[in-house]
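Following our numbering, the numbering of the sequence shown begins with 105 at its first residue and continues without gaps. Encoded as structure tokens, the structure appears first; notes follow it.
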Amino acid sequence: MLFTARTGGSSTGPYQGLNLAHHVGDDPGAVDHNRRLIDVFTAQNNPVTWMDQVHGRTIGVIGRIPATIPGPPVEVVPATIGSTSPATDALVACGTGIPVGVLVADCVPLIMVDLPHRIVAAVHAGRRGAAAGIAESTFQVMAAVGARPDTTAAFIGPSARGCCYEVDQATALQVEQQLPGSARPTSTGAPGLDLAAGLHHQLSRLDVKTIEISDRCTICDTDYFSYRRAHTTGRQAGVVWIGSR
Numbered sequence: 105m106l107f108t109a110r111t112g113g114s115s116t117g118p119y120q121g122l123n124l125a126h127h128v129g130d131d132p133g134a135v136d137h138n139r140r141l142i143d144v145f146t147a148q149n150n151p152v153t154w155m156d157q158v159h160g161r162t163i164g165v166i167g168r169i170p171a172t173i174p175g176p177p178v179e180v181v182p183a184t185i186g187s188t189s190p191a192t193d194a195l196v197a198c199g200t201g202i203p204v205g206v207l208v209a210d211c212v213p214l215i216m217v218d219l220p221h222r223i224v225a226a227v228h229a230g231r232r233g234a235a236a237g238i239a240e241s242t243f244q245v246m247a248a249v250g251a252r253p254d255t256t257a258a259f260i261g262p263s264a265r266g267c268c269y270e271v272d273q274a275t276a277l278q279v280e281q282q283l284p285g286s287a288r289p290t291s292t293g294a295p296g297l298d299l300a301a302g303l304h305h306q307l308s309r310l311d312v313k314t315i316e317i318s319d320r321c322t323i324c325d326t327d328y329f330s331y332r333r334a335h336t337t338g339r340q341a342g343v344v345w346i347g348s349r
């Protein structure tokens with residue numbers, strides 16, 4: 105498992121460093137080079153499977169598609185190793201040697217791992233997706249293919265944190281209703297959100313045994329790409345896999 109920053113890579117200009125996203129206007133050759141660096145780091149036979157993220161609740165699965173999934177209705181679609189999964193905001197992979205990744209620049213990169221049952225997930229939890237339950241739904245998909253809360257670990261990566269993620273009061277209240285624990289004032293006292301804190305609360309209620317949360321804020325920490333800080337920018341990633349060697 106890894107969470108990248110913008111350090112390294114071959115992108116230039118506003119994408120300076122290790123930009124891993126093709127959709128932001130960067131030179132495709134630079135992005136391909138940066139992605140190959142991640143593939144080398146994972147040291148698996150398969151390249152990372154990425155997503156075309158749309159702030160929705162569709163979940164791609166590499167492996168067995170569960171027949172039934174508890175909880176709110178969610179669309180589950182098959183995903184193909186090494187291909188970009190279209191209109192997808194979470195990937196679940198069953199087995200070893202299958203890296204999956206999520207791209208972010210302020211949204212929360214959520215990684216979940218059930219090592220004993222060889223199931224991993226990468227989740228794009230932006231404001232809309234997090235409030236709509238993408239994290240809980242992804243865990244329920246993992247559970248439907250064999251994961252257990254007492255053997256699952258969740259890792260909440262660098263994202264826009266409550267110190268800087270300012271929103272209007274109505275938005276803060278609405279998200280708090282859907283994702284309790286996420287509304288909090290910013291460092292200036294304005295209404296704000298801390299989606300990572302809300303996701304921590306949600307995963308705790310699901311009895312996920314281990315939850316780790318990064319204290320790095322992508323808005324104020326210039327080691328990371330941030331869409332709020334600069335609209336034209338790159339994307340860092342969270343990548344997870346269970347090694348086949």
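Even glycine gets a Cβ: it sits at the ideal position worked out from N, Cα and C.
By the beta-carbon neighbour count (other beta carbons within 10 angstroms, threshold 16), Asn149 is exposed. Note that the C-beta distance between Thr255 and His221 is below 8 angstroms. In the structure shown, the three-state DSSP call for Asp193 is coil. One alpha carbon belongs to Val224, the other to Arg161, and they sit about 17 angstroms apart. Less than 8 angstroms divides the Cβ of Val204 from the Cβ of Leu195. Pro170 carries a coil assignment under DSSP once its states are collapsed to helix, strand and coil. Partner residues in the beta bridge of Ile215, as assigned by DSSP, are Ala226, Phe259.
The Cβ atoms of Gln340 and Arg110 sit closer than 8 angstroms to each other. Out of Ile169, Thr188, Gly175, the CA that lies nearest to the CA of Val181 is found in Ile169.
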